[in-house]
Amino acid sequence: MLPLVALVGRPNVGKSTIFNALTRTRDALVHDQPGVTRDRNYGVCRLDEERPFIVVDTGGIAGDEEGLAGATARQARAAAGEADLVLFVVDGREGASSLDDEILAWLRKLARPTVLVINKIDGTDEETVRSEFARYGFSDVVALSAAHRQGIDELLEEVGARLPAEGAGELLDTDPARVRIAFVGRPNVGKSTLVNRLLGEERMIASEVPGTTRDSIAVDMDRDGRQYRLIDTAGLRRRGKVEEAVEKFSAFKTLQAIEQCQVAVLMLDAGEGVTDQDATILGAILDAGRALVVAINKWDGQSDYQRAQAEDLLSRKLGFVSWAEAVRISALHGSGMRELFQAIHRAHASATHEFSTSEVNQALEIAYETNPPPSIRGHVSKLRYVHPGGANPPTFIVHGTRLKVLPESYKRYLENFFRKRFKLVGTPVRFIFREGANPYEGKKNTLSDRQVARKRRLMRHVKGK
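Under full-length UniProt numbering, the sequence shown has 186 at position 186, and the numbering climbs by one with no breaks.
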């Protein structure tokens with residue numbers, strides 16, 4: 001499983017700001033929970049492309065009448081208890097408080113690896129602040145200002161040093177021939193029923209009670225001569241009982257599965273359409289760059305009118321991922337299974353296709369000649385060459401000049417052109433645009449002896465006139 005890093009501390013010490021700095025532009029999964037002071041956020045942070053980890057903001061532990069026994073503390077305890085590393089965040093401006101002391105005593109009982117993070121050190125004497133917290137006895141201390149992104153790199157270095165070098169976990173199959181498929185979605189949309197149907201036996205617990213599957217379960221299977229690993233996840237529930245702390249990690253498990261899979265199958269309920277939670281999960285899939293197939297379950301239970309309504313809703317709400325195939329299925333009765341696997345195979349083939357530099361340059365040349373970039377305030381972008389930048393998702397690195405003024409509409413044109421030319425379906429496509437100095441700038445061309453003699457003859461001819 002991917003490593004889990006938990007942010008723990010009292011309210012208003014800057015945990016959410018640190019969370020946003022660590023996850024950068026990645027959207028967190030946010031879930032409302034009754035009886036807590038704030039939402040819990042989950043996100044993915046990457047030390048590098050090969051070392052992702054999950055970071056969770058547990059919410060502030062308030063010093064009210066409930067104190068460490070309150071609902072927020074219970075979810076913080078659940079997160080810290082499962083975390084590979086705890087970041088204990090304190091306020092450098094306000095200094096150590098009695099509530100910080102209580103939280104520290106509680107963390108010591110948990111006996112989890114912990115790093116002290118002193119936030120808001122901007123405008124303070126860092127040495128004085130460090131000395132005040134020295135009585136906590138931490139050997140690992142990071143002082144930073146999350147609001148100004150000062151010290152975030154140092155924090156990442158500390159996290160990287162404390163986490164396992166390999167975070168792939170047991171769900172990640174070492175066999176490259178085995179396609180890893182994650183079935184994700186809200187509770188009770190039929191994920192476990194679908195996996196059971198595909199396996200031909202009831203390997204997963206399928207129930208009418210949402211949230212029956214509380215952990216990610218991976219099962220290997222072969223179908224039509226191909227090898228697969230099926231990952232069934234706990235559904236992302238909108239609300240849950242705070243007493244059952246394990247339920248709170250449904251988002252965590254889903255994020256792990258998305259990061260570890262090659263193809264994500266987003267399951268929707270045909271009778272409910274696309275909800276905000278579905279959009280949240282879809283955002284996590286797109287952020288991870290995973291191939292995508294949309295499985296619309298319980299299609300057989302809809303009337304013709306309901307199907308028409310569902311089709312209209314899907315086209316409006318999922319139009320921005322029109323490249324993903326949508327398959328109508330019934331997990332209970334088994335309809336649409338062959339079509340589902342055909343879509344999965346096409347998405348995986350597109351996502352993992354290896355491109356040659358020559359073929360992508362030929363595509364760029366044709367796209368450029370067919371529709372050159374427009375002039376923006378008198379500046380025209382020049383696209384010089386492109387080379388493959390990786391797979392899953394297919395990534396293309398374009399080099400040129402004045403790329404900062406290249407319109408977003410032209411970038412979408414390139415994406416659509418490459419999709420059509422290479423028949424890419426079911427996968428995001430990423431373009432990275434890089435401007436570099438002209439390697440020949442400032443270099444004087446050295447003439448050969450023959451060129452020098454010709455130049456002299458030409459100069460005499462000019463002077464003779």
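For every residue, glycine included, the Cβ atom is placed at its ideal position computed from N, Cα and C.
- Within the same chain, and ignoring the five residues on either side of L104 in sequence, the residues whose Cβ sits closer than 8 Å to its Cβ are F88, Y136.
- Following the DSSP letters along the chain, one finds V386 in no alpha helix (DSSP H) but inside the beta strand (DSSP E) bounded by residues 382–390.
- Short of 8 Å from the beta carbon of P52, and not among the five residues preceding or following it, lie these beta carbons of its own chain, in chain order: L2, V44, C45, R46, G167, E259.
- With respect to E415, F431 sits close: the two C-beta atoms are nearer than 8 Å.
- Around the beta carbon of G185, 16 or more other beta carbons lie within 10 angstroms, which makes this residue buried.
- Annotated as distal: P388 and V429, with beta-carbon spacing of 8 Å or more.
- Cα atoms of T401 and V380: separation of roughly 9 Å, rounded to the nearest angstrom.
- Take the alpha-carbon of Q150 and the one of D140: they are about 17 Å apart.
- Between V142 and A83 the beta-carbon gap is near 16 Å, outside 8 Å, which marks them as no contact.
- Under the DSSP definition of a beta bridge, C45 partners with F53.
- Under DSSP, Q227 takes part in a beta bridge, and its partners are R178, D222.
- The alpha carbon of G289 has as its nearest neighbour, out of T275, R316, V321, the alpha carbon of V321.
- With respect to the 8 Å criterion, I61 and R10 are classified as neighbours on the basis of their beta carbons.
- Rounded to the nearest angstrom, the gap between the Cα atoms of S448 and R454 is 10 Å.
- Distance from the CA atom of L255 to the CA atom of G378, rounded to whole angstroms, is 45 Å.
- Within the DSSP bridge table, the entry for A143 names I118 as partners.
- Here the alpha carbon of E311 sits roughly 31 Å from the alpha carbon of F252.
- Per the coordinates, the alpha-carbon of W299 lies some 27 Å from the alpha-carbon of S350.
- Selection R162, D91, A161, E154 evaluated against R130 yields D91 as nearest (Cα-Cα).
- Each residue's CA atom was taken as its position, placing M459 and L424 some 57 Å apart.
- Contact annotation: the segment 300–307 does not touch the segment 364–379, with fewer than three C-beta pairs closer than 8 Å.
- S16 and P187 have their C-alpha atoms spaced approximately 27 Å apart.
- Beta-bridge pairing by DSSP links G400 to L383, E435.
- According to the DSSP secondary-structure assignment, F88 is paired through a beta bridge with V8, L116.
- DSSP places R328 inside the beta strand (DSSP E), whose first and last residues are 325–328.
- Secondary structure of F355 (DSSP, three-state): coil.
- V293 is positioned such that its CB atom lies closer than 8 Å to that of A347.
- Annotation for V293: no alpha helix (DSSP H) segment contains it, though the beta strand (DSSP E) segment containing it runs 291–297.
- Counting the other Cβ atoms within 10 Å of the Cβ of G336 gives 16 or more, which makes it buried.
- In the DSSP annotation of this structure, L268 is not part of any alpha helix (DSSP H); the continuous beta strand (DSSP E) holding it starts and ends at 263–269.
- Membership of R197 in the alpha helix (DSSP H) is indicated by the continuous run 191–199.
- In the DSSP assignment, G273 forms a beta bridge with D269.
- DSSP links Q260 through a beta bridge to no other residue.
- Burial check for T193: the Cβ neighbour count within 10 Å reaches 16 or more, so the residue is buried.
- From the listed residues G123, A295, N392, the smallest Cα separation to E354 is found for N392.
- In this structure, R93 lies near T124, with their beta-carbon atoms less than 8 Å apart.
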